[in-house]
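Laid out in structure tokens, this is it:
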């Protein structure tokens, strides 16, 4: 599955909209609320295009396991409406292919980008203005607090515009960063980390680089449209071959709030109900990568053991707090 950013944003906003309401919303109400569905209902061709788009999106949500319900708010309603059953949303066992997981990962991390956040907030404001009750806690599970690496935006822009970039890159076994020149083909998420894949001009070979190891600024050095990526290239598979298999020999114990963190529950080796929540035993390989996935669940998950995972989570939360503080200061 290949999902464009605009469609991903529309699907995420549709989920937020339907999770946030306690009543069924008609297609007309959804069109007036969710960014991406704007159209002229009096224009037959425009309205037909909206209906086709909406039908495709509904089918995709159901394929992903989202419990989309159809019904009416009262017996007097002639047109059916839609909503997502919050009580069932976190429970289905959703299995994603690598490219689907990449699309969902991008959608989640783009939540912190101003465009998507503003669009979702605008949609909820429209619902309130229409007199529709909003459940403020319903969408907490789809508001990740993880932010992307600083190199994410310039590299995705360069890949879109087909522009060569230069950056300094460090590897664990190296004494210091080295300069790289790359024609980026795309940016993907693999095992909780971001990678750029492209053609390394200095080594005349395909290479991938982990964004967290890029030092300093990514510099745009080429003109737009300077190259064409190979057709049919599978970026995720390339990163997977480069990074190699991960042996999940570690075991972590986390405390999860009742009914929350469905993604973690699917991978739990043991689940023990307690008075404070459910205690899960989870396999993991790299403590840093595992911590990155745990942080996305926010206050719904608390690490009990081992200490290195707990410390990695605390460190990531401190980094996020620092970034938010810096952003708040610059916005004043």
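In the working numbering, the protein residues as written are 52 to 383.
Cβ coordinates follow ideal geometry from the N, Cα and C atoms, glycine included.
Identified DSSP bridge partners for residue i
{"i": "residue 234", "result": "250"}
{"i": "residue 270", "result": "217"}
{"i": "residue 76", "result": "133"}
{"i": "residue 119", "result": "135"}
{"i": "residue 364", "result": "Answer is none; residue 364 lacks a bridge partner."}
{"i": "residue 240", "result": "245"}
{"i": "residue 260", "result": "247"}
{"i": "residue 353", "result": "306"}
{"i": "residue 229", "result": "220"}
{"i": "residue 265", "result": "220"}
{"i": "residue 283", "result": "Per DSSP, none; premise fails for residue 283."}
{"i": "residue 322", "result": "331"}
Buried versus exposed call for residue i [16 or more other C-beta atoms within 10 Å across all chains shown]
{"i": "residue 384", "result": "What is shown of the chain runs 52 to 383, which leaves residue 384 out entirely."}
{"i": "residue 71", "result": "buried"}
{"i": "residue 121", "result": "exposed"}
{"i": "residue 373", "result": "exposed"}
{"i": "residue 235", "result": "buried"}
{"i": "residue 204", "result": "exposed"}
{"i": "residue 303", "result": "buried"}
{"i": "residue 202", "result": "buried"}
{"i": "residue 94", "result": "exposed"}
{"i": "residue 61", "result": "buried"}
{"i": "residue 73", "result": "exposed"}
{"i": "residue 207", "result": "buried"}
{"i": "residue 129", "result": "exposed"}
{"i": "residue 108", "result": "buried"}
{"i": "residue 229", "result": "exposed"}
{"i": "residue 209", "result": "buried"}
{"i": "residue 254", "result": "exposed"}
{"i": "residue 300", "result": "exposed"}
{"i": "residue 227", "result": "exposed"}
Residue i beta carbon near the ligand PLP (any heavy atom closer than 6 Å)
{"i": "residue 264", "result": "The ligand PLP is absent from the structure shown, which contains no ligands of any kind."}
Close beta carbons around residue i, own chain, < 6 Å, minus the five adjacent residues each side
{"i": "residue 267", "result": "219"}
{"i": "residue 112", "result": "119"}
{"i": "residue 337", "result": "none"}
{"i": "residue 252", "result": "232"}
{"i": "residue 217", "result": "232, 270 and 272"}
{"i": "residue 348", "result": "312"}
{"i": "residue 329", "result": "307 and 322"}
Residues of its chain near residue i, where Cβ-Cβ distance is below 7 Å and the 5 sequence neighbours each way are ignored
{"i": "residue 332", "result": "302, 304, 319, 320 and 321"}
{"i": "residue 259", "result": "246, 247, 248, 289, 290 and 293"}
Contacts around residue i, its chain only, beta-carbon distance under 8 Å, and the 5 residues preceding and following it disregarded
{"i": "residue 283", "result": "none"}
If you scan the segment 326–351 from start to end, which runs of the alpha helix (DSSP H) of 4 or more residues do you find wholly inside it?
338–346
State whether the segment 281–296 contacts the segment 310–324, with contact taken as three or more CB pairs (one from each stretch) at a distance under 8 Å.
no
With a threshold of 8 Å, are at least 3 pairs of Cβ atoms found where one atom belongs to the segment 98–106 and the other to the segment 73–89?
yes
Pairs of beta-carbons, one from the segment 276–285 and one from the segment 319–331, closer than 8 Å: are there three or more?
no
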